[in-house]
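**Student:**
Numbering (my numbering), first residue to last: 1 to 648.
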């Protein structure tokens, strides 16, 4: 018989410990011969990034010995920290940011450094120049004499350790240096302050001269109002790239003239914002088709593009989240997930359209009947920032636990989620953190507010000049939509988010009275402080989201929650990494101090060994438990007893 226990107090078999260590996340797939490699972040190893090889026989092997960890700090967010060439692994070591190499075919081999011992140098996003036996990559160099780090394209010899040179400099940022198949040309993208790569970037092409230097670089696509993504050479030597010049991120082919051709125009997005280097959404097949993943209305799909007919044929797959796509001949590999399928590594035969899961991150810890399924919703936004017909999007997850019935005497509490970025998007891939809440009797709304990606360039640009207004209006409107549908309790509405999502949380609490409690994970309370004290990559991001600083200082003050403590009247819990270079801990600490002086219920949970985003399982577990306990204290939920061997 099902229990009729109050919402929020349901006993759940999903523990915070399971959430924290449920699955290592994987990314950055790399093909070398018949072997597939990937980067695997392991919370249970204090967040170490391992590198795993899957060979032709299906055997999986760790090729990076502990305690080495592959992680680049270029742009702080890193990405693409390794490459494998003929069985030799080159990687950026997390702690000293040097490049090391190790022969993966030699048992017991130890990595050896090939870049200088200089803590001011960082490297990422590699390709290999066979003719000159060197790595070509994005480099970042800091110095006490510079106001900000300097970025450039570097060449690093694999024969003469510690020898490297600059191939191109002058832009503020670089990504995707890629060699043509014959090794005679290099393409890359670059962008300048105050642009972010998803706002405006340029695609460049240059020939190598006899000395291996770049000659006469030419800007062949992009600009201030066009964002380029993933330039890639086909096996036949043609250059492809993704552009949003027609309001949607579509794939183009560069021709040997001044024009580029859209190979299959679609009202769909074949790219994601370049927060980390090396992201990939398409690849080439032996039959001349392209395999590509794309998103519409928040859902990802995979299809084959026939260039001759300009037709996109979608393959029927059970995944709604697809990323990190790579291909070779007629085989495609990608990371897939769905509401009922946790993250997995998938191999797809493009000729037969048959797929198999070659690596499952983790088994689902409980029966599928206990998992809430997302319901896509679109709702009219409200507030002075909108027109009457503007809409926003999200995914609603109802409470779900097979041991409990839906209580007819009350409506469930609602937890509203604000994704980071703010240029980003939520996903319908299986998320044990969401199930942690729904399995305890909470409803969850995951919002893709205006400014999110996946809905075209106009929707992405809708937040320009309106951060802290339109995103806040949308999370409020989403909650009000569910209240109007009689699905949730209007007196028990909570909101949580991290980083930019943490700012949306604090702004929503300061400027609206709908939410009764909030959780800010490394969120922003003072926009002025962020504009003055953040890393290079995002140092001019607010120029577009708010306005140029200090010219628009009044707007920064007006939209900073720290300046409106008098309007914030509900309990808030803060989580913060003390080694955070993106949103320094002073942001959270200033908010906590001001709220404590006001006499509000507030709690601060700092982690001395975390940066921007928590990577260690123990810290994630503690954060989940503290947040649940906080809500139980605010709303009077009775938390079920927990055995010593498990966490709530």
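In this text, a Cβ means the ideal position worked out from N, Cα and C, and glycines have one as well.
When we look at the beta-carbon of residue 644 and count the other beta-carbons within 10 Å, is it buried (16 or more) or exposed?
**Tutor:** Locating residue 644 in the chain shown gives position 644, where the first residue counts as 1. Because the pLDDT of residue 644 is 38, which lies under 50, any placement of that residue in the model is unreliable, and the question is left without a value.
**Student:** Could you check which residue in 421, 398, 402 has the C-alpha nearest to that of residue 412?
**Tutor:** Residue mapping note: residue 412 aligns to position 412 of the chain shown, counting from 1. Here the closest residue by C-alpha is 398.
**Student:** Helix, strand or coil for residue 615 per DSSP?
**Tutor:** If you number the chain shown from 1, residue 615 lands on position 615. It is coil, neither helix nor strand.
**Student:** Which two residues bound the contiguous beta strand (DSSP E) that contains residue 254?
**Tutor:** Position 254 of the chain shown, counted from the start, is the residue given in the question as residue 254. Segment 250 to 254, the beta strand (DSSP E) holding residue 254.
**Student:** Is DSSP giving residue 55 helix, strand or coil here?
**Tutor:** Stepping through the chain shown from its first residue, residue 55 is reached at position 55. Residue 55: coil per DSSP, three-state reduction.
**Student:** Nearest CA to the CA of residue 483: which residue from 86, 379, 581, 554?
**Tutor:** As a position in the chain shown, residue 483 is number 483, starting the count at 1. Of the candidates 86, 379, 581, 554, the one whose C-alpha sits nearest the C-alpha of residue 483 is 379.
**Student:** Can you tell me the Cα-Cα spacing of residue 134 and residue 128, whole angstroms?
**Tutor:** As a first step, residue 134 is located in the chain shown; it is residue number 134 there, counting from the start. As a first step, residue 128 is located in the chain shown; it is residue number 128 there, counting from the start. If I take the Cα positions, the gap works out to 6 Å.
**Student:** Which residues does DSSP pair with residue 573 in a beta bridge?
**Tutor:** Locating residue 573 in the chain shown gives position 573, counting from the first residue. According to DSSP, residue 573 bridges with 519, 603.
**Student:** Between the Cα of residue 577 and those of 34, 409, 116, 620, spot the shortest distance and give me the residue it belongs to.
**Tutor:** In the chain shown, residue 577 corresponds to position 577, counting from 1. Here the closest residue by C-alpha is 620.
**Student:** From which residue to which residue does the beta strand (DSSP E) around residue 186 run?
**Tutor:** By one-based count along the chain shown, residue 186 stands at place 186. Start and end: 185 to 191.
**Student:** Does the count of Cβ pairs from the stretch 505 to 515 and the stretch 433 to 440 closer than 8 Å reach three?
**Tutor:** No, the stretch 505 to 515 does not touch the stretch 433 to 440.
**Student:** Residue 322 and residue 54: beta carbons closer than 8 Å?
**Tutor:** Residue numbering aside, residue 322 sits at position 322 when the chain shown is read from its first letter. Residue numbering aside, residue 54 sits at position 54 when the chain shown is read from its first letter. No. Outside cutoff.
**Student:** Going by DSSP, name the residue or residues bridged to residue 430.
**Tutor:** The residue labelled residue 430 in the question sits at position 430 within the chain shown. Residue 430 pairs with nothing; no bridge assigned.
**Student:** Does the Cβ-Cβ distance between residue 612 and residue 572 come in under 8 Å?
**Tutor:** Sequence index remark: in the chain shown, residue 612 carries index 612 (1-based). Sequence index remark: in the chain shown, residue 572 carries index 572 (1-based). No, Cβ-Cβ distance for residue 612 and residue 572 is not below 8 Å.
**Student:** Taking contact to mean 3 or more Cβ pairs, one atom from each stretch, closer than 8 Å, check whether the stretch 544 to 555 and the stretch 460 to 475 are in contact.
**Tutor:** Enough Cβ pairs lie closer than 8 Å, so yes.
**Student:** Between the C-alpha atoms of residue 646 and residue 17, what's the straight-line distance to the nearest angstrom?
**Tutor:** Here the question's residue 646 lines up with position 646 in the chain shown. Here the question's residue 17 lines up with position 17 in the chain shown. With a pLDDT of 49 at residue 646, under the threshold of 50, the modelled position of this residue cannot be trusted; read the value that follows with caution. Near 7 Å, if we compare the C-alpha coordinates of residue 17 and residue 646.
**Student:** Could you give the residue range of the alpha helix (DSSP H) that holds residue 230?
**Tutor:** Stepping through the chain shown from its first residue, residue 230 is reached at position 230. No alpha helix (DSSP H) holds residue 230; the beta strand (DSSP E) holding it covers 228 to 233.
**Student:** If residue 298 and residue 423 are in contact, beta carbons under 8 Å, what's the gap, nearest whole angstrom?
**Tutor:** Position 298 of the chain shown, counted from the start, is the residue given in the question as residue 298. Position 423 of the chain shown, counted from the start, is the residue given in the question as residue 423. That belief does not hold up - the Cβ atoms of residue 298 and residue 423 are roughly 15 Å apart, past 8 Å.
**Student:** DSSP three-state label for residue 5, please.
**Tutor:** Along the chain shown, one-based indexing puts residue 5 at 5. Correct three-state label for residue 5: coil.
**Student:** What three-state label does DSSP hand residue 313 in the structure shown?
**Tutor:** In the chain shown, counting from the first residue as 1, residue 313 sits at position 313. The answer is strand: DSSP assigns residue 313 an E or B state.
**Student:** What number of angstroms, rounded off, separates the C-alpha of residue 178 from the C-alpha of residue 551?
**Tutor:** Against the chain shown, residue 178 aligns to sequence position 178. Against the chain shown, residue 551 aligns to sequence position 551. Computed Cα separation, rounded: 39 Å.
**Student:** Would you say the stretch 268 to 280 touches the stretch 203 to 218, given that touching needs at least three Cβ pairs under 8 Å?
**Tutor:** They do not touch, by the three-pair rule.
**Student:** Taking the alpha helix (DSSP H) that residue 483 belongs to, which residues open and close that run?
**Tutor:** Residue mapping note: residue 483 aligns to position 483 of the chain shown, counting from 1. Element bounds for residue 483: 470 to 484.
**Student:** Candidates 335, 444, 409, 247: which alpha carbon is nearest residue 373's?
**Tutor:** For this step, residue 373 is matched to residue 373 along the chain shown. Minimum Cα distance to residue 373 is reached at 444.
**Student:** Please identify the residue among 76, 5, 99 whose C-alpha is closest to the C-alpha of residue 88.
**Tutor:** Here residue 88 is taken as the residue at index 88 of the chain shown, counted from 1. The shortest C-alpha separation from residue 88 is found at 99.
**Student:** Does residue 587 come out as helix, strand or coil in the three-state DSSP assignment?
**Tutor:** Residue mapping note: residue 587 aligns to position 587 of the chain shown, counting from 1. In the structure shown, residue 587 sits in a helix (DSSP, three-state: H, G or I).
**Student:** Looking at residue 349 and residue 331, is the spacing between their C-beta atoms short of 8 Å?
**Tutor:** Locating residue 331 in the chain shown gives position 331, where the first residue counts as 1. Locating residue 349 in the chain shown gives position 349, where the first residue counts as 1. Yes, the pair counts as a contact, with Cβ atoms nearer than the cut-off.
**Student:** Using a Cβ-Cβ cut-off of 6 Å (strictly less than) and excluding sequence neighbours within five positions of residue 6, which residues of its own chain qualify?
**Tutor:** Taking the chain shown and counting its residues from 1, one reaches residue 6 at position 6. So no residue of the chain qualifies.
**Student:** Would you grab the beta carbon distance between residue 244 and residue 457 for me? Rounded to a whole angstrom, and I think it's under 8 Å.
**Tutor:** For the purposes of this step, residue 244 is identified with residue 244 of the chain shown, where counting begins at 1. For the purposes of this step, residue 457 is identified with residue 457 of the chain shown, where counting begins at 1. About 5 Å separates the two Cβ atoms, so the contact holds.
**Student:** By DSSP's criteria, residue 449 is part of a beta bridge. Which residues make up the other side?
**Tutor:** Within the chain shown, numbered from 1, the residue matching residue 449 stands at position 449. Paired residues: none, contrary to the question.
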